[in-house]
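Chemist: Protein chains in written order, with my numbering: chain A, 5 to 330; chain B, 5 to 330.
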């Protein structure tokens with residue numbers, strides 16, 4: 005077994021990558037702009053040159069065991085991304101192409117599944133066999149781990165818990181085209197939408213009225229709440245309550261030992277955690293009451309994406325010819 | 005490997021058991037009354053005597069590989085039933101006691117998980133690795149299979165999908181004490197409740213008005229619908245739509261290849277299947293549209309409970325001393 009893996013996180017804006025050792029130390033990392041090249045071959049060439057430079061600088065030539073990639077809509081089974089609308093090249097056999105270029109085995113999955121692997125390998129989920137990772141970012145992602153294995157489902161795409169329906173009637177329009185999804189409420193953008201709704205529906209004074217309503221971000225709501233603003237606190241109560249209700253429903257599916265939260269909203273601390281825990285326990289089927297811990301990610305935010313992707317690198321295998329030939 | 009297993013299904017009224025071979029043939033079966041003995045030792049003695057009689061009659065002495073038991077609130081990991089309110093002895097170390105009595109390894113799980121195992125071993129799920137079993141009876145039960153394994157979760161009690169919340173506001177009171185559960189709508193009792201609600205809320209004529217409203221069963225609704233009664237058909241539309249919406253939500257969790265339906269309501273055919281399939285696809289996240297089959301159980305209803313429980317018998321192992329000593 006070689007001592008390192010290469011983790012690559014392909015986001016809509018940046019592609020971050022790093023060399024990681026078995027204990028989760030990021031030896032070195034760098035990034036390139038995802039959108040710079042409309043042509044995937046040009047993008048891959050830049051990624052390869054940059055990564056090789058990093059590898060040579062850190063005496064890691066021939067020491068990379070595997071490459072793990074987190075990317076939107078990435079399918080663990082066939083190594084493809086499919087209809088990833090935020091990328092310049094939404095559909096292609098990603099694992100195959102990267103593996104060909106680097107001459108190293110590659111495995112891919114979506115960023116939330118990668119985050120779950122990262123927590124299990126290096127973070128808050130070490131030693132846990134049954135947990136659900138929830139990433140609270142611009143959207144809401146999830147990775148479900150059962151018996152120590154990430155659940156990929158029949159088609160490689162399982163674990164889209166940001167798209168469970170939490171408002172069956174008159175729910176908000178979600179980016180997926182449906183209405184009432186968890187993501188439309190409990191993401192950073194969801195919090196900003198709630199702020200706009202609350203400001204319109206209520207007349208009380210609020211620090212949030214000092215800025216143009218369309219510019220309000222979840223960070224602004226956090227800052228106002230920390231200054232004691234009641235309306236801002238109510239926005240977090242609303243958000244945490246909806247997430248807690250949704251988590252009570254997730255519990256009956258796989259009865260996890262813990263939920264692990266990651267991302268900007270998770271860092272809002274008790275502002276969101278208190279209503280979340282209250283709502284989760286209040287809505288919990290009695291047989292599961294008090295059983296699931298809610299804990300925060302232990303990965304540094306700057307490293308988390310690379311660490312998550314890199315964790316997958318340890319299980320990357322040379323592709324069978326049938327798949328590689330896609 | 006011995007050629008037979010003993011399957012035991014412990015229901016609130018009857019305990020049904022049978023000798024089953026590896027191909028799912030029920031060699032012989034019998035039953036006793038679950039409620040006859042307030043004392044579990046007396047119940048177990050009667051069960052043992054009856055089962056031994058069956059075993060001897062069928063030349064199966066020393067040919068039983070294991071015993072599988074399906075029972076309410078039965079925990080796969082520790083072999084216990086816990087707070088099973090419909091049984092005379094709601095909490096006890098069931099697997100341990102039965103194994104001691106018979107001198108044969110015993111495994112237990114709840115009836116819906118047993119049904120999933122039964123379908124996977126002998127029925128409609130042969131060859132499927134990722135599916136969700138939904139049992140539509142007096143209540144709604146479920147068994148989730150991922151990667152060919154029943155999901156038991158951290159505590160052995162996972163897969164209670166009858167208790168996902170499908171009406172967040174003003175939902176019906178469920179037997180679990182909460183409101184809005186799937187089970188309160190899509191069980192046989194749920195259909196009867198819907199009938200009473202519809203009859204009260206609407207004024208049109210209906211065959212269902214010919215009987216005392218409190219006596220209406222789901223079977224009466226089925227009979228009326230088959231005679232063309234519009235209100236009865238609407239009850240099935242309502243029920244199937246709610247179930248289909250819930251199934252679309254289940255899909256984002258584990259992306260199963262199929263849902264397998266079992267029980268009286270499932271046998272209502274297109275009355276429930278058409279609205280169910282329509283609602284499931286209409287509410288499906290686009291990446292999963294058209295991917296999941298909805299199929300009916302292939303186990304004969306009379307044998308299904310015994311077959312399901314028996315399937316668990318093949319994986320029963322002698323208990324480790326630490327667990328047996330509970």
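Note that beta-carbon positions come from the ideal geometry of N, C-alpha and C, so glycine has one too.
Under 8 Å between C-beta atoms, does residue 329 of chain B make it to chain A?
Modeler: Low per-residue confidence applies at residue 329 of chain B: pLDDT is 44, beneath 50, and the placement is therefore not dependable enough to give any value.
Chemist: What are the start and end residues of the alpha helix (DSSP H) that includes residue 257 of chain B?
Modeler: 234 to 258 is the extent of the alpha helix (DSSP H) around residue 257 of chain B.
Chemist: Over what stretch of residues does the alpha helix (DSSP H) that includes residue 230 of chain A continue unbroken?
Modeler: Its alpha helix (DSSP H) spans residues 222 to 230.
Chemist: Closer than 7 Å: is that where the CB of residue 188 of chain B sits relative to any heavy atom of the ligand NAD?
Modeler: The model depicted lacks the ligand NAD and carries no ligand whatsoever.
Chemist: Hey, quick one: how far does the alpha helix (DSSP H) through residue 214 of chain B stretch, first residue to last?
Modeler: From DSSP, residue 214 of chain B is part of no alpha helix (DSSP H); its letter is neither H nor E.
Chemist: Nearest to residue 291 of chain B by alpha carbon, out of A/136, A/19, A/307 and A/164?
Modeler: Of A/136, A/19, A/307 and A/164, the residue nearest in Cα terms is A/164.
Chemist: Would residue 261 of chain A count as contacting chain B if we go by Cβ distances under 8 Å?
Modeler: Judged by the 8 Å Cβ criterion, residue 261 of chain A is in contact with chain B.
Chemist: Could you list the residues in the region 152 to 164 of chain A with a C-beta less than 9 Å from some C-beta on chain B, going in chain order?
Modeler: The residues in question are 153, 155, 156, 157, 158, 159, 160, 161, 162, 163 and 164.
Chemist: Name, in chain order, the residues that DSSP records as bridge partners for residue 262 of chain A.
Modeler: The partner list for residue 262 of chain A (beta bridge, DSSP) reads A/135 and A/297.
Chemist: Is residue 269 of chain B helix, strand or coil by DSSP?
Modeler: Note: residue 269 of chain B maps to helix in three-state DSSP.
Chemist: One question on the structure: do residue 310 of chain B and residue 13 of chain B come within less than 8 Å of each other, judged by their Cβ atoms?
Modeler: Yes.
Chemist: In chain order, what residues of the region 162 to 187 of chain B put their CB closer than 9 Å to some CB of chain A?
Modeler: Those residues of the region 162 to 187 of chain B that come within reach of chain A (Cβ to Cβ, closer than 9 Å) are 162, 163, 164, 165, 166, 167, 168, 169, 170, 171, 172, 173, 180, 181, 182 and 185.
Chemist: With DSSP run on the structure shown, which of helix, strand or coil describes residue 8 of chain B?
Modeler: In the structure shown, residue 8 of chain B sits in a strand (DSSP, three-state: E or B).
Chemist: Run through the DSSP bridge pairs and tell me what residue 149 of chain A is partnered with.
Modeler: According to DSSP, residue 149 of chain A bridges with A/135 and A/154.
Chemist: So if I threshold CB-CB distances at 7 Å, which residues from the region 132 to 150 of chain A count as touching chain D?
Modeler: In the structure shown, chain D cannot be found, because the protein chains are A and B.
Chemist: Within this structure, are the beta carbons of residue 9 of chain A and residue 48 of chain A separated by less than 8 Å?
Modeler: Their beta carbons are not under 8 Å apart, which means residue 9 of chain A does not touch residue 48 of chain A by this criterion.
Chemist: Jot down the residue ranges of each uninterrupted alpha helix (DSSP H) in the region 14 to 95 of chain A, minimum 4 residues, whole runs only, in chain order.
Modeler: Taking only runs of at least 4 residues, the alpha helix (DSSP H) segments lying wholly in the region 14 to 95 of chain A are 44 to 61.
Chemist: So residue 289 of chain A contacts chain B; which residues on that side make the cut at Cβ distance below 8 Å?
Modeler: Here the neighbours are 164, 167, 180 and 182.
Chemist: On the CB-based measure, 16 or more other CB atoms within 10 Å of its CB, does residue 69 of chain A come out buried or exposed?
Modeler: Label assigned to residue 69 of chain A: buried.
Chemist: Given residue 289 of chain A, which residues of its chain have a CB within under 8 Å of its CB, disregarding the five upstream and five downstream residues?
Modeler: Excluding residues within five positions, the ones whose Cβ falls inside 8 Å are 252, 255 and 256.
Chemist: Given this structure, state the Cα-to-Cα distance separating residue 197 of chain A from residue 16 of chain A, to the nearest angstrom.
Modeler: Between residue 197 of chain A and residue 16 of chain A, the C-alpha separation is close to 22 Å.
Chemist: Just list the residues that DSSP pairs residue 118 of chain A with in beta bridges.
Modeler: None; residue 118 of chain A has no bridge partner.
Chemist: Identify the contact partners of residue 253 of chain B in chain A, using a Cβ-Cβ distance below 7 Å as the criterion.
Modeler: What residue 253 of chain B touches in chain A: 168 and 169.
Chemist: Determine the direct distance from the alpha carbon of residue 106 of chain A to that of residue 187 of chain B, and round the result to whole angstroms.
Modeler: Cα to Cα, the separation comes out at about 53 Å.
Chemist: Just to confirm my understanding: we take residue 6 of chain A, look at its own chain, exclude 5 residues before and 5 after, and list those with CB closer than 8 Å. What are they?
Modeler: Once the five neighbours on either side are set aside, the close Cβ partners of residue 6 of chain A are 66, 67, 68 and 69.
Chemist: Helix, strand or coil, according to DSSP, for residue 162 of chain B in the structure here?
Modeler: Three-state DSSP puts residue 162 of chain B in coil, outside helix and strand.
Chemist: Residues in the region 290 to 301 of chain B with C-beta within 9 Å of chain A's C-beta atoms, listed in sequence order?
Modeler: Cβ contacts with chain A come from 290, 291, 292, 295 and 296.
Chemist: Residue 140 of chain A bridges to which residues according to DSSP?
Modeler: Looking at the DSSP assignment, residue 140 of chain A forms a beta bridge with A/144.
Chemist: Using a Cβ-Cβ cut-off of 8 Å, state whether residue 110 of chain B counts as contacting chain A.
Modeler: For residue 110 of chain B, the answer is no, since every Cβ of chain A falls outside 8 Å of its Cβ.
Chemist: Take residue 78 of chain B and list the residues in its own chain whose beta-carbon comes closer than 7 Å to its own, dropping the five residues that flank it on each side.
Modeler: The answer, listed in chain order, is 85, 98, 112, 113 and 114.
Chemist: Give, in chain order, every residue of the region 12 to 31 of chain A whose Cβ lies closer than 9 Å to some Cβ of chain B.
Modeler: Flagged: no residues at all.
Chemist: How about the region 234 to 243 of chain A and the region 259 to 267 of chain A: do they share at least three Cβ pairs that are nearer than 8 Å?
Modeler: Short answer: they don't touch.
Chemist: Output yes if chain A places a C-beta closer than 8 Å to the C-beta of residue 256 of chain B; else output no.
Modeler: So yes, residue 256 of chain B belongs to the interface.
Chemist: Mind checking whether residue 303 of chain A and residue 72 of chain A have CB atoms under 8 Å apart?
Modeler: Cβ distance not < 8 Å, so residue 303 of chain A and residue 72 of chain A don't count as in contact.
Chemist: When you compare each of B/90, B/174, B/95 and B/63 to residue 143 of chain B by their alpha carbons, which one comes out closest?
Modeler: Among B/90, B/174, B/95 and B/63, the Cα nearest to that of residue 143 of chain B belongs to B/90.
Chemist: Hey, how far is the Cα of residue 30 of chain A from the Cα of residue 109 of chain B?
Modeler: Taking the straight line from one Cα to the other gives about 49 Å.
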